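Notes follow once the structure below has been shown.
There are 2 protein chains.
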Amino acid sequence: MTETTAGTTAGTTAADLFARHRERLDAAVAACASREYFSAFDESPSPRVYGEGAAAAGKAAFEAWLGGAFPLETPGAEGRVATERSPYGFDLEVSYPRVADVDALLSAARAGMRQWRDAGPDGRTGVCLEIFSQLHARIFELAGAVQHTSGQAFVMAFQAGGAHALDRALEAIAYAWTEMTRVPGTAVWEKPGRGEPLRMEKTFTVVPRGVALVIGCHTFPTWNSWPGLFASLVTGNPVVVKPHPGAVLPLAITVQVCRDVLAAAGFDPDLVTLAAEDPADRLAAALAVRPEVRLVDFTGGNAFGDWLEANARQAVVFTEKAGVNTVVLDSTSDFAAMCQNLAFSFSLYSGQMCTAPQNVYVPAAGMATDEGVKTPDEVAAGIGAALDRLLGDDARAVELLGGVVDEGVLARLEKASSGHVLVASRTVAHPAYDDATVRTPTLVGLTADDSDVYESECFGPVAYLIETAGTDQSIDLFRDTVIAHGAMTASVYSTSTAVVEQMREAALDAGVALSENLLGGVFVNQSAAFSDFHGTGANPAATASYTDGAYVASRFRFVQSRRHV
Amino acid sequence: MTETTAGTTAGTTAADLFARHRERLDAAVAACASREYFSAFDESPSPRVYGEGAAAAGKAAFEAWLGGAFPLETPGAEGRVATERSPYGFDLEVSYPRVADVDALLSAARAGMRQWRDAGPDGRTGVCLEIFSQLHARIFELAGAVQHTSGQAFVMAFQAGGAHALDRALEAIAYAWTEMTRVPGTAVWEKPGRGEPLRMEKTFTVVPRGVALVIGCHTFPTWNSWPGLFASLVTGNPVVVKPHPGAVLPLAITVQVCRDVLAAAGFDPDLVTLAAEDPADRLAAALAVRPEVRLVDFTGGNAFGDWLEANARQAVVFTEKAGVNTVVLDSTSDFAAMCQNLAFSFSLYSGQMCTAPQNVYVPAAGMATDEGVKTPDEVAAGIGAALDRLLGDDARAVELLGGVVDEGVLARLEKASSGHVLVASRTVAHPAYDDATVRTPTLVGLTADDSDVYESECFGPVAYLIETAGTDQSIDLFRDTVIAHGAMTASVYSTSTAVVEQMREAALDAGVALSENLLGGVFVNQSAAFSDFHGTGANPAATASYTDGAYVASRFRFVQSRRHV
Numbered sequence: 005m006t007e008t009t010a011g012t013t014a015g016t017t018a019a020d021l022f023a024r025h026r027e028r029l030d031a032a033v034a035a036c037a038s039r040e041y042f043s044a045f046d047e048s049p050s051p052r053v054y055g056e057g058a059a060a061a062g063k064a065a066f067e068a069w070l071g072g073a074f075p076l077e078t079p080g081a082e083g084r085v086a087t088e089r090s091p092y093g094f095d096l097e098v099s100y101p102r103v104a105d106v107d108a109l110l111s112a113a114r115a116g117m118r119q120w121r122d123a124g125p126d127g128r129t130g131v132c133l134e135i136f137s138q139l140h141a142r143i144f145e146l147a148g149a150v151q152h153t154s155g156q157a158f159v160m161a162f163q164a165g166g167a168h169a170l171d172r173a174l175e176a177i178a179y180a181w182t183e184m185t186r187v188p189g190t191a192v193w194e195k196p197g198r199g200e201p202l203r204m205e206k207t208f209t210v211v212p213r214g215v216a217l218v219i220g221c222h223t224f225p226t227w228n229s230w231p232g233l234f235a236s237l238v239t240g241n242p243v244v245v246k247p248h249p250g251a252v253l254p255l256a257i258t259v260q261v262c263r264d265v266l267a268a269a270g271f272d273p274d275l276v277t278l279a280a281e282d283p284a285d286r287l288a289a290a291l292a293v294r295p296e297v298r299l300v301d302f303t304g305g306n307a308f309g310d311w312l313e314a315n316a317r318q319a320v321v322f323t324e325k326a327g328v329n330t331v332v333l334d335s336t337s338d339f340a341a342m343c344q345n346l347a348f349s350f351s352l353y354s355g356q357m358c359t360a361p362q363n364v365y366v367p368a369a370g371m372a373t374d375e376g377v378k379t380p381d382e383v384a385a386g387i388g389a390a391l392d393r394l395l396g397d398d399a400r401a402v403e404l405l406g407g408v409v410d411e412g413v414l415a416r417l418e419k420a421s422s423g424h425v426l427v428a429s430r431t432v433a434h435p436a437y438d439d440a441t442v443r444t445p446t447l448v449g450l451t452a453d454d455s456d457v458y459e460s461e462c463f464g465p466v467a468y469l470i471e472t473a474g475t476d477q478s479i480d481l482f483r484d485t486v487i488a489h490g491a492m493t494a495s496v497y498s499t500s501t502a503v504v505e506q507m508r509e510a511a512l513d514a515g516v517a518l519s520e521n522l523l524g525g526v527f528v529n530q531s532a533a534f535s536d537f538h539g540t541g542a543n544p545a546a547t548a549s550y551t552d553g554a555y556v557a558s559r560f561r562f563v564q565s566r567r568h569v
Numbered sequence: 005m006t007e008t009t010a011g012t013t014a015g016t017t018a019a020d021l022f023a024r025h026r027e028r029l030d031a032a033v034a035a036c037a038s039r040e041y042f043s044a045f046d047e048s049p050s051p052r053v054y055g056e057g058a059a060a061a062g063k064a065a066f067e068a069w070l071g072g073a074f075p076l077e078t079p080g081a082e083g084r085v086a087t088e089r090s091p092y093g094f095d096l097e098v099s100y101p102r103v104a105d106v107d108a109l110l111s112a113a114r115a116g117m118r119q120w121r122d123a124g125p126d127g128r129t130g131v132c133l134e135i136f137s138q139l140h141a142r143i144f145e146l147a148g149a150v151q152h153t154s155g156q157a158f159v160m161a162f163q164a165g166g167a168h169a170l171d172r173a174l175e176a177i178a179y180a181w182t183e184m185t186r187v188p189g190t191a192v193w194e195k196p197g198r199g200e201p202l203r204m205e206k207t208f209t210v211v212p213r214g215v216a217l218v219i220g221c222h223t224f225p226t227w228n229s230w231p232g233l234f235a236s237l238v239t240g241n242p243v244v245v246k247p248h249p250g251a252v253l254p255l256a257i258t259v260q261v262c263r264d265v266l267a268a269a270g271f272d273p274d275l276v277t278l279a280a281e282d283p284a285d286r287l288a289a290a291l292a293v294r295p296e297v298r299l300v301d302f303t304g305g306n307a308f309g310d311w312l313e314a315n316a317r318q319a320v321v322f323t324e325k326a327g328v329n330t331v332v333l334d335s336t337s338d339f340a341a342m343c344q345n346l347a348f349s350f351s352l353y354s355g356q357m358c359t360a361p362q363n364v365y366v367p368a369a370g371m372a373t374d375e376g377v378k379t380p381d382e383v384a385a386g387i388g389a390a391l392d393r394l395l396g397d398d399a400r401a402v403e404l405l406g407g408v409v410d411e412g413v414l415a416r417l418e419k420a421s422s423g424h425v426l427v428a429s430r431t432v433a434h435p436a437y438d439d440a441t442v443r444t445p446t447l448v449g450l451t452a453d454d455s456d457v458y459e460s461e462c463f464g465p466v467a468y469l470i471e472t473a474g475t476d477q478s479i480d481l482f483r484d485t486v487i488a489h490g491a492m493t494a495s496v497y498s499t500s501t502a503v504v505e506q507m508r509e510a511a512l513d514a515g516v517a518l519s520e521n522l523l524g525g526v527f528v529n530q531s532a533a534f535s536d537f538h539g540t541g542a543n544p545a546a547t548a549s550y551t552d553g554a555y556v557a558s559r560f561r562f563v564q565s566r567r568h569v
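In order, the protein sequences belong to chains A and B.
Residues 5 to 569 in this note's numbering are what the first sequence lists, from first letter to last.
Residues 5 to 569 in this note's numbering are what the second sequence lists, from first letter to last.
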């Protein structure tokens, strides 16, 4: 373990916790400002880092939940639900309290709000950093839970679902703390006058907005939920966590840790609750429009995201929805490395990432490379060969691909495979899980005329190689498609400074982050906390960014009082 | 003059302007953080401060506009409108281009957007600070324009409409600059690895949201419009200024200065336009729902404010609407000073301030004072006597009261005067303007049962003295009324620490700023830029606060690009 957690024993105050974690906070705040490399924890699950027994203990802790009743007190719950199935081919059969009485849930959530507000920015930050630290202490257990709900391979679940998710959580806490402490708790104001100056003492208090609703997704239950959870909680808001019915356990563990730490520090544990449901309950929709709910964080599909933006009018709504991520191929100094990099991006978690590339534009006449001009078919062949190298061995392939998260992904893959297939998807047998659903990505050939296909997201292991009249058209299509339909990422390969500049300009117009000539160990679908913004809020794919000032500033308000001194 | 403005000659770059105004920016940024006293300019219109000829020259400049065609090029305009009448009894007869073609207006507004974005945070801040500086050079002219549109008395128009409005503008610029520069323009990210570290250079660009619409109000055309105008412009957005038809000239002068400075610095002047209209045009509603419009700042009544929040869904909407400002009287150490302070707050600009107190709760059994227990009738008599002292002399009274801004105020005053009048309003003759409409405030007696009356705003010179069962009920009524109906200010008079604490707690619950025991030269309706937040966004009266991070952070987005180095 890189850190030992002292744990929170009853009697530990919020101020104690703030002091305990101050150094980490300061480092995170500094990294947010410098955008240089920073990470709170080692991303490697190696025994050299975490100790010999850590992985086995975490696996055992995860497995101990299976088939049992997860112990959580949930106000307003009646009965239990078990809704999760591992993409590796088995039901988790963990049951959770099922929320039946929304009034009771929200009333309980609000009960501890005033005391939490009165803990102040430092106190709340101390408690949140202790939660953060205790989540890290359970990182192997969480990785198991993420793996067997999302279908991510274990190492990815450990990294994206564990270490990197923790970094995004810490980033949100650091941004929120900075925002809350930009204004002092008290100030003396002295206005010069003809006689005595006017002197006033002023008190500034951070007040929360109200109940925050965090709606989790199936593919990244921790990475996409923790930023909103911590941003809302640390600014004083009670948080109701509504997990995706297919990925409850990672958030149940999260809520358990939150409640334990809150209670040990003397706060009402109902400040954080888990709102598990049967999918038919439509609980998220019911909660989102309640007047008590003043903040909503959502990751998921366009239909419900758009509905939330249109209907949860009493709340500030942060959404991350679908987009059409784009690669523009113009020319490259290293064709093999380019193919390798793209193949990895398509394969990682079977393309089930909101950041995975989908639309690859290439001139019909081909692209200049260090191996001569490559036609679209030769580009496809290059990518196909790279995919074979990456995924040729089933045992290695599953560690990159993970499992297919749901039937919808399979249906889309099947439909896409009826097109002009340049690289076919294949079914991979998992050496450890007979019933796992594992697929390699397909690459489908299109032309610029096929906008009805490539202008919408095909979430899953499907990419399009789209022939255009040339790079100018590629860039125009990129700009227009992203402005209209959104994107989380964009990427360009070109040895021409002018083309890269043109693409940068288009990316600014479209409001999407751009990666240029990725030929090594960085992939377009990865964003590093504290340095890369995830989403921009500047195109239809997301109204939020992890993490900027806008993500935290409207989660609370300053309320002042003043008096003469 | 406290400053001489070098002026912007063609060839002056945005960088030059940033350097010229850097010191002022730094001072403003520091004041926002410390919340200590700061003001950019002297608030006194005295010749000792501004020079012997300044007032006369400004008056002449204002008068030169009367009866003429205000020279502004406005894309999409057709014909002209003249809609202003001074509350001092004459039509201004200034005509402005009338916007007829919204497509043309918005298209022109967007034309210079990319160049403005590329000027970067420092460049745009330099240009905005030059506009700011040149507005100050015209402060007497602006004061005349504010006086004869809003009806504010001259000194108030100079202060609230000039010096203090400039401070609120500078505050918005300082907050926005801080927010934009929290992230460096470029950073190098280096992730340690087993071999060579991964190194990437990252570029972070501030991109605007789109066209910003600023909808001005009749009573504070500059003070309430400049913060949104500057916050949006400095973050890269073109701004369409839609003035209230009754108060166009102050914003026409503003837009003229903006356009002149933009053009001189080499930018498209259409980045700031004036959208004047005949009231029947309903231009604000037409503009607010256009897809190009991504930011709306509004000050005004609940009906249109609520409509904007419900309908301008494509935009971030900042509103300041009506509220019910409250005073809780419990006890005081200086009855005379309390009555004097309240009388001044009721009288200033005839109560036509969104911050003026309206509901004064007092125990039916009376309040303890240094002059013994005072019954509600004795409190009313004390306030009445203070009003007489302040307003007994017509020539002095008009300098405090100013003129009545519109017929609606007179109608509300008349209706209120049919109630249980404790202090009657009287008509004041203006010594200089025979046709001026000037009224003193009325104080109307109510009981806690009259919630149908006191739970809505009666904008204008009307205050209610409301008898309650005691201070506990007063505080409960305060809390409940503000949570339901909003407020911009609250105030308490009590010699009891426990009562003041109780009131602070209620103010935090209700999300409204509290002033305690104001007995001297500070009044509840005044808020000082850089120190006092105006509005909280935490109750129904406003979704915005001048100025906090939330007011600026969502007006732009960070868009990044990254590449290996």
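Just so you know, even glycine gets a beta-carbon here, dropped at the ideal spot from N, CA and C.
Given the structure is predicted, the values throughout are model-derived calculations rather than measurements.
Distance CB(residue i)-CB(residue j) smaller than 8 Å
i, j, result
"A/L146", "A/T87", "no"
"B/A216", "B/S236", "yes"
"B/V408", "B/L266", "no"
"A/L278", "A/L76", "yes"
Alpha carbon of residue i to alpha carbon of residue j, nearest angstrom
i, j, result
"B/A115", "B/A123", "15 Å"
"A/V377", "A/S558", "51 Å"
"B/F482", "B/Q506", "12 Å"
"A/R561", "B/T182", "18 Å"
"A/R400", "B/V320", "48 Å"
"B/E7", "B/V526", "Reliability of the predicted coordinates at B/E7 is poor, the pLDDT of 36 falling under 50, and no value is obtained from them."
"A/A44", "A/A546", "26 Å"
Other residues of its chain near residue i: CB distance less than 6 Å, five sequence neighbours each side excluded
i, result
"B/E194", "P201, R203"
"B/V413", "G464"
Residues of its chain near residue i, where Cβ-Cβ distance is below 7 Å and the 5 sequence neighbours each way are ignored
i, result
"A/L333", "V364, Y365, V366, M371, V383, Y497"
Check: residue i C-beta below 7 Å from any heavy atom of the ligand FMN
i, result
"A/A58", "No copy of the ligand FMN appears in this structure; indeed no ligand is present at all."
Own chain, CB closer than 8 Å to residue i, minus 5 neighbours either side, in chain order
i, result
"A/R89", "D95, L96, G250"
"A/W1", "No information on residue 1 of chain A is available, as it lies outside the stretch 5 to 569 that chain A covers here."
"A/Y555", "A176, Y179, P231, A235, F322, A548, S549"
Short CB-CB distance (under 8 Å) between residue i and chain D
i, result
"B/D272", "The chain labelled as chain D is not found among the protein chains of the depicted structure, namely A and B."
* To do: Report the residues of the region 148-179 of chain B with a CB closer than 7 Å to any CB of chain A, ordered along the chain.
  => none
* What are the complete beta strand (DSSP E) segments, minimum 3 residues, inside the region 264-349 of chain A? -> 276-278, 297-303, 320-324, 330-333
* Asked: What are the residues of the region 481-508 of chain A that lie near chain B, defined by any Cβ-Cβ distance shorter than 7 Å?
  -> R508
* To do: Return the chain-ordered ranges of every beta strand (DSSP E) run that is complete within the region 429-484 of chain A and spans a minimum of 3 residues.
  => 446-451, 466-472
* When you check each C-beta in the region 519-551 of chain B against every C-beta of chain A, which residues fall closer than 8 Å? -> S519, E520, N521, L522, L523, G524, G525, V526, A532, S535, D536, F537, T540, G541, A542, S549
* To do: Identify each residue in the region 185-199 of chain A for which the Cβ-Cβ distance to at least one residue of chain B is less than 8 Å, and report them in chain order.
  => R186, V187, P188, A191, V192, W193, E194, K195, P196, G197
* Asked: In chain order, which alpha helix (DSSP H) runs of at least 4 residues are fully inside the region 157-200 of chain A?
  -> 158-162, 168-184
* In chain order, what residues of the region 209-227 of chain B put their CB closer than 8 Å to some CB of chain A? -> T209, V211, R213
* Asked: Listed from N- to C-terminal order along the chain, which residues in the region 23-43 of chain A have their beta-carbon within a distance smaller than 7 Å of any beta-carbon of chain B?
  -> A37, S38, R39, E40, Y41
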